[in-house]
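For the first sequence, the UniProt record's numbering assigns the number 1 to the initial residue and increments by one for each residue that follows. Beta carbons are placed, not taken as given, at the ideal position from N, Cα and C, and that holds for glycine. These notes are about the structure you will find just below.
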Amino acid sequence: MSNNYKPLASDNPTAAVSTPVGSLRIIRTMSNPDLPPPPVSEAELMERCRVVAGRSLGQLAMQTGIQVPHDLRRAKGWVGQLVEAVLGADAASLAEPDFRAIGVEMKTLPLDTDGRPRESTYVCTVPLEQGISDSWTTSWARRKLARVLWVPVEADRELPVAERRLGTPFLWSPDPHQEEILRTDWEELMEMVCLGQLGSITARFGRALQIRPKAANARIMAAAIGPEGERILTNPRGFYLRSSFTLAILQQQFD
DNA sequence: TGATGATCATTA
DNA sequence: TAATGATCATCA
């Protein structure tokens with residue numbers, strides 16, 4: 001399949017498809033009939049998932065009039081944005097679940113040729129200053145992970161982006177064991193953040209949940225707590241799920 | 001080769 | 001600036 005997708009031959013022949021990702025927003029605002037409204041129930045969401053399971057990214061892009069990038073180096077979030085559009089996610093880049101009405105977060109899960117996750121999964125930003133008042137129960141991370149629609153996607157580098165296929169999406173909530181691991185990791189990491197020990201946190205901490213840099217580049221700064229309790233500037237961080245954890249989720253679902 | 005640290009694009 | 005969507009690029 002080629003990359004030469006044409007915009008939909010609708011009332012919108014010159015849609016500003018300037019960049020692959022930018023085209024998502026533009027087309028979504030034009031009431032494109034091929035982009036569904038937000039699902040009103042998990043059942044409706046899963047029905048849409050049944051329709052797209054096994055389809056290629058090229059097919060989904062074609063149906064939505066979205067251009068396929070040649071590679072993902074300059075379009076790292078493209079797959080996620082495409083699937084969100086196809087399924088009717090409405091939260092855009094807000095700090096909300098992707099499907100606001102039903103409180104479901106969506107994550108694509110890139111799989112290698114063996115069906116194992118190729119990457120860790122971003123969860124949310126680490127609250128570097130205001131985490132002191134947080135508990136796991138009320139935390140942003142827990143809210144995000146409470147209900148997740150996992151969307152497996154083929155992701156071998158050899159495979160052209162348009163030819164990569166969706167797997168079978170499935171809904172997940174942490175079971176008591178998983179929740180306990182997540183809570184323990186979160187509490188350990190947030191204690192360090194709150195005690196001004198962020199500087200000694202590396203991605204090696206945490207069994208399932210880890211903290212890594214999350215920013216446009218290393219020069220981006222955000223306020224945090226220093227060793228003496230003072231206010232310092234540091235690189236913004238994010239919580240990520242290790243791929244060993246998401247592999248276990250896959251296995252519990254499919255094995 | 002897997003994991004860590006770094007980075008890319010977009011939006012509010 | 002800080003949040004969203006993530007993958008890239010390098011090194012142990």
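- Excluding sequence positions up to five before and after Pro117, its CB lies within less than 8 angstroms of the CB of Leu109, Pro110, Leu111, Ser243, Thr246, Leu247, Leu250, all in the same chain and listed in chain order.
- Listed as beta-bridge partners of Met106 by DSSP are Leu149.
- For Ile249, DSSP assigns no beta-bridge partner whatsoever.
- Three or more beta-carbon pairs drawn from the stretch 54-62 and the stretch 82-97 are found closer than 8 angstroms, and the two stretches are therefore classed as touching.
- By the criterion of a C-beta distance shorter than 7 angstroms, Ala215 is surrounded in its chain by Asn235, Pro236, once the five residues flanking it on both sides are discounted.
- Shown here, Gln210 sits in a strand according to DSSP, grouped into three states.
- Three or more beta-carbon pairs separated by less than 8 angstroms link the stretch 191-204 to the stretch 224-235, which places the two stretches in contact.
- If you look at Arg237, you'll find it in the beta strand (DSSP E) that goes 237-241.
- With a threshold of 16 other beta carbon atoms within 10 Å, Asp185 meets it and is buried.
- Rounded to the nearest whole angstrom, the C-alpha separation of Gln81 and Glu188 is 32 angstroms.
- Listed in chain order, the beta strand (DSSP E) runs fully inside the stretch 174-212 amount to none, counting runs of at least 3 residues.
- In this structure, the alpha-carbon of Glu105 lies about 10 angstroms from that of Trp172.
- The DSSP-derived three-state label of Trp136 is coil.
- In this structure the stretch 155-170 does not lie against the stretch 129-140, because fewer than three pairs of beta carbons, one per stretch, are closer than 8 angstroms.
- Residue burial is scored here from C-beta neighbours: Ala162 has at least 16 other C-beta atoms within 10 angstroms and is therefore classed as buried.
- In this structure, Arg50 and Pro39 do not form a Cβ contact; the two beta carbons are roughly 12 angstroms apart against a cut-off of 8 angstroms.
- Relative to Arg165, the option among Gly115, Trp140, Leu149 whose CA is nearest is Gly115.
- Bounds of the alpha helix (DSSP H) holding Arg48 are 42-52.
- For Val79, the enclosing alpha helix (DSSP H) stretches over residues 78-87.
- The residue from Pro160, Pro97, Ile232 with its alpha-carbon nearest to that of Ala146 is Pro97.
- The continuous alpha helix (DSSP H) containing Thr64 extends over residues 57-64.
- Cβ-Cβ separation between Arg212 and Tyr240: approximately 6 angstroms, consistent with a contact (criterion under 8 angstroms).
- Shown here, Glu154 sits in a strand according to DSSP, grouped into three states.
- The shortest C-alpha to C-alpha distance from Glu119 to any of Arg183, Pro127, Lys107, Leu233 is the one to Lys107.
- For Ile225, the enclosing beta strand (DSSP E) begins and ends at 222-225.
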